[in-house]
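Every position in the sequence shown, counted from 1, becomes a number in this note's numbering once 25 is added. Reading through the structure tokens given below for one structure.
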Amino acid sequence: MSTSGLIDFLRGLADRPELLDRLKDKPKSEVIAAAGGTFTEEEFNSFVWDLEERLAKSRGEAFDAEFSLWHLLWGQYYLEFLVHDLVPTLDRERQL
Numbered sequence: 026m027s028t029s030g031l032i033d034f035l036r037g038l039a040d041r042p043e044l045l046d047r048l049k050d051k052p053k054s055e056v057i058a059a060a061g062g063t064f065t066e067e068e069f070n071s072f073v074w075d076l077e078e079r080l081a082k083s084r085g086e087a088f089d090a091e092f093s094l095w096h097l098l099w100g101q102y103y104l105e106f107l108v109h110d111l112v113p114t115l116d117r118e119r120q121l
């Protein structure tokens, strides 16, 4: 799996708001296709889940329904959460 390819893709979406807007409500298969198919759905799921768990751990929180960052999902699509919240937070905490 190219984790760097997935991270680069998510970071790139932050610089291409028109593409993020077009993809934000699309099925995961279309998002992966827009990335050039450089990772599979299973790889995406596994890697993103790991990032979410690492972020919770670094914040000293349990990765459960009470995780404090889940409130960020309200009012936005999951892809927007990944691009605007998860990846930048981990970048700031130097975990990516």
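Where is the CB? At the ideal position from N, CA and C, for every residue including glycine. Source: prediction; values computed, not measured.
Best match in Asp75, Arg119 and Trp99 for proximity to Phe88 [C-alpha to C-alpha]: If you number the sequence shown from 1, residue 88 lands on position 63. Per the Cα distances, Asp75.
Do the CB positions of Val73 and Leu107 come within less than 8 Å of each other? Position 48 of the sequence shown, counting from 1, holds the residue named residue 73. Position 82 of the sequence shown, counting from 1, holds the residue named residue 107. In contact: Val73 and Leu107 (Cβ atoms closer than 8 Å).
Based on Cα-Cα distance, which residue from Phe69, Glu118 and Ala58 lies nearest to Ala81? What you label residue 81 is simply residue 56 of the sequence shown in a count that begins at 1. The candidate whose alpha carbon is nearest that of Ala81 is Glu118.
Enclosing alpha helix (DSSP H) for Thr114 [first to last residue]: Start at 1 with the first residue of the sequence shown, and residue 114 comes out as number 89. Boundaries of the alpha helix (DSSP H) around Thr114: Val112 to Arg117.
Leaving out the 5 sequence neighbours to the left and right, which residues in its chain are closer than 8 Å to Glu67 when beta-carbon positions are compared? Taking the sequence shown and counting its residues from 1, the one referred to as residue 67 is at position 42. Answer for Glu67: no residue qualifies.
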